Amino acid sequence: MAQAGSVYYVCPGNVFTNTLSAKEAAQKGCKAKEATEPTTISGPKPRSASAAPASGAGVEARVDRNEQKARDSDAKRILSDELSKAQGELDALKKEYNNGQPERRGDERNYQKYLDRTADLKASIARKEADVAAIKRELGKLD
Numbered sequence: 016m017a018q019a020g021s022v023y024y025v026c027p028g029n030v031f032t033n034t035l036s037a038k039e040a041a042q043k044g045c046k047a048k049e050a051t052e053p054t055t056i057s058g059p060k061p062r063s064a065s066a067a068p069a070s071g072a073g074v075e076a077r078v079d080r081n082e083q084k085a086r087d088s089d090a091k092r093i094l095s096d097e098l099s100k101a102q103g104e105l106d107a108l109k110k111e112y113n114n115g116q117p118e119r120r121g122d123e124r125n126y127q128k129y130l131d132r133t134a135d136l137k138a139s140i141a142r143k144e145a146d147v148a149a150i151k152r153e154l155g156k157l158d
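One gets our numbering by counting positions in the sequence shown from 1 and adding 15 to each.
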């Protein structure tokens, strides 16, 4: 904790230090600043048990069984749509990747551009596979 009236230095490159002497700081082009006590803000007061909400207030009401089934079926439909979309995108990426040998494009006269695109495709495939796996997990939770 900084003492009131202690000095620290702001050096080039946004470096803050209090380990330099005044001479070293001047040589490095640092500016002296005076440290002040930090501002402290007390946290919220803990609630007592008597401050609990009245019966039913603030508690989520139970959802009707039919409404919950409708929500679940909507969620399954949405996730199924997302899964088929993600699977289609993954298949397209794999086709373009061509087992690590994608066809070169006309703008890839520089071999490094081709290697960069190949690496990007590989990373995109990995991300898309993770997305597909996550969607499948979510669908499994709904069953």
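Glycine included, each C-beta is placed from N, C-alpha and C at the ideal position. Being a predicted model, the structure only gives us computed values, none of them experimental.
Check                                                                                      : Outcome
Backbone CA spacing between Ile140 and Tyr129 [nearest angstrom]                           : 16 Å
Cβ-Cβ distance between Asp87 and Leu154 below 8 Å                                          : no
Euclidean distance between Cα positions of Ala138 and Gln102                               : 16 Å
When Pro27, Glu49, Ala50 are compared against Ala41, the one with the closest alpha-carbon : Pro27
For Thr32, the first and last residue of its enclosing beta strand (DSSP E)                : 30 to 32
Per-residue DSSP class, three states only, for Glu118                                      : coil
Whole-angstrom distance between Ala90 and Tyr126, CA atom to CA atom                       : 46 Å
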